[in-house]
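Chains as they are written, first to last, in our numbering: chain A, 19 to 111; chain E, 500 to 687.
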């Protein structure tokens with residue numbers, strides 16, 4: 019039986035799909051690492067116990083910095099990169 | 500505290516390098532601004548290292564070490580920016596990265612006066628020094644085999660590992676249960 023709806027699948031597609039998945043995971047994994055750190059060592063978040071803390075101890079919260087790095091990377095780098103990869107997977111179809 | 504701020508910058512640097520390896524150079528360079536990202540960030544971290552050297556170091560040897568890191572980061576960032584822009588043509592400029600990272604590693608090892616298990620800071624200085632020396636060897640191999648995904652992944656992962664080490668730094672803290680009595684009482 020012949021089918022008219024079957025289209026040839028490019029070999030590049032699974033590879034692009036894998037790359038897309040890994041790149042889209044980088045930012046959430048980084049943010050998750052920061053949240054995990056905050057849960058394991060809540061005393062590192064001086065915002066939870068601000069009394070007696072100086073400005074810098076309140077401004078620099080290491081687990082939040084990890085989350086911040088993940089968000090910045092996700093919004094400004096990963097998102098346009100994913101758009102480019104999705105464009106690639108669209109053209110190979 | 501300054502170490503944590505730099506750790507954030509180094510973490511972003513590592514993520515950028517890892518993303519570039521994952522998607523490949525062709526996709527990475529599709530948007531022109533992306534090729535300047537990691538060299539620009541490395542250069543910026545070098546510039547920011549100068550105020551750290553001036554205001555946050557408490558001995559001559561620390562000042563020299565931080566000055567060496569500032570120069571190394573600016574040199575390798577500047578060279579990579581020049582190569583990305585196409586202003587620098589000689590492939591010898593590619594040596595700026597392994598040399599800069601190697602110098603940074605040596606600076607870590609030379610300025611740490613205490614043994615590995617003296618305190619956490621001493622342990623991390625030794626670990627970061629050797630990690631950077633290893634990373635400089637990998638960066639050298641990348642020049643010889645620029646398409647090697649394994650080498651480029653190893654390099655990006657070593658930068659991320661460096662950021663984790665910087666995040667682990669404390670003023671005085673034990674390392675694996677070891678803390679020299681002359682290091683003083685533990686504090687963050």
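Backbone N, C-alpha and C define an ideal beta-carbon position, used for all residues, glycine too.
CB contact check: residue i to chain A, cutoff 8 Å
i                      : result
residue 617 of chain E : no
residue 503 of chain E : yes
residue 552 of chain E : no
residue 500 of chain E : yes
8 Å Cβ cutoff, residue i in contact with chain E
i                      : result
residue 103 of chain A : yes
residue 97 of chain A  : no
residue 87 of chain A  : yes
residue 60 of chain A  : no
residue 68 of chain A  : no
residue 106 of chain A : yes
residue 111 of chain A : Residue placement at residue 111 of chain A is poorly supported in this model, since its pLDDT is 46, which falls under 50; the coordinates still yield a value, given next. Judged by the 8 Å Cβ criterion, residue 111 of chain A is not in contact with chain E.
Residue i: contacting residues in chain E (beta-carbon distance under 8 Å)
i                     : result
residue 40 of chain A : 521
residue 84 of chain A : 507, 510, 666
residue 49 of chain A : The contacting residues do not exist; residue 49 of chain A stays about 11 Å from chain E at best.
Residue environment, residue i, which counts as buried when at least 16 other CB atoms sit within 10 Å
i                      : result
residue 93 of chain A  : exposed
residue 650 of chain E : buried
residue 588 of chain E : exposed
residue 52 of chain A  : buried
residue 525 of chain E : exposed
residue 502 of chain E : buried
residue 610 of chain E : buried
residue 74 of chain A  : exposed
residue 559 of chain E : exposed
residue 41 of chain A  : buried
residue 551 of chain E : buried
Where residue i meets chain E, residues with beta-carbon distance less than 9 Å
i                     : result
residue 44 of chain A : 514, 517, 518, 521
residue 37 of chain A : 521, 522, 523, 526
residue 91 of chain A : 510, 511, 514, 515, 518
Residues that residue i contacts on chain A, provided the C-beta gap is smaller than 7 Å
i                      : result
residue 646 of chain E : Under the 7 Å cutoff, chain A gives no residues; its nearest Cβ is about 16 Å from residue 646 of chain E.
According to DSSP, residues forming a beta bridge with residue i
i                      : result
residue 677 of chain E : E/674
Where the alpha helix (DSSP H) containing residue i begins and where it ends
i                      : result
residue 500 of chain E : No alpha helix (DSSP H) holds residue 500 of chain E; DSSP gives it neither H nor E.
residue 609 of chain E : 595 to 610
residue 94 of chain A  : Careful: residue 94 of chain A lies outside any alpha helix (DSSP H) and carries neither H nor E.
residue 553 of chain E : 536 to 554
residue 633 of chain E : 619 to 643
residue 662 of chain E : 648 to 666
residue 561 of chain E : 559 to 584
residue 77 of chain A  : 73 to 77
residue 531 of chain E : It is not in any alpha helix (DSSP H) - residue 531 of chain E carries neither H nor E in the DSSP assignment.
residue 592 of chain E : No alpha helix (DSSP H) contains residue 592 of chain E, which DSSP labels as neither H nor E.
residue 615 of chain E : Counting along the chain, residue 615 of chain E falls outside any alpha helix (DSSP H), and DSSP gives it neither H nor E.
residue 524 of chain E : 524 to 527
Chain A residues whose Cβ lies nearer than 9 Å to that of residue i
i                      : result
residue 530 of chain E : 98, 99, 102
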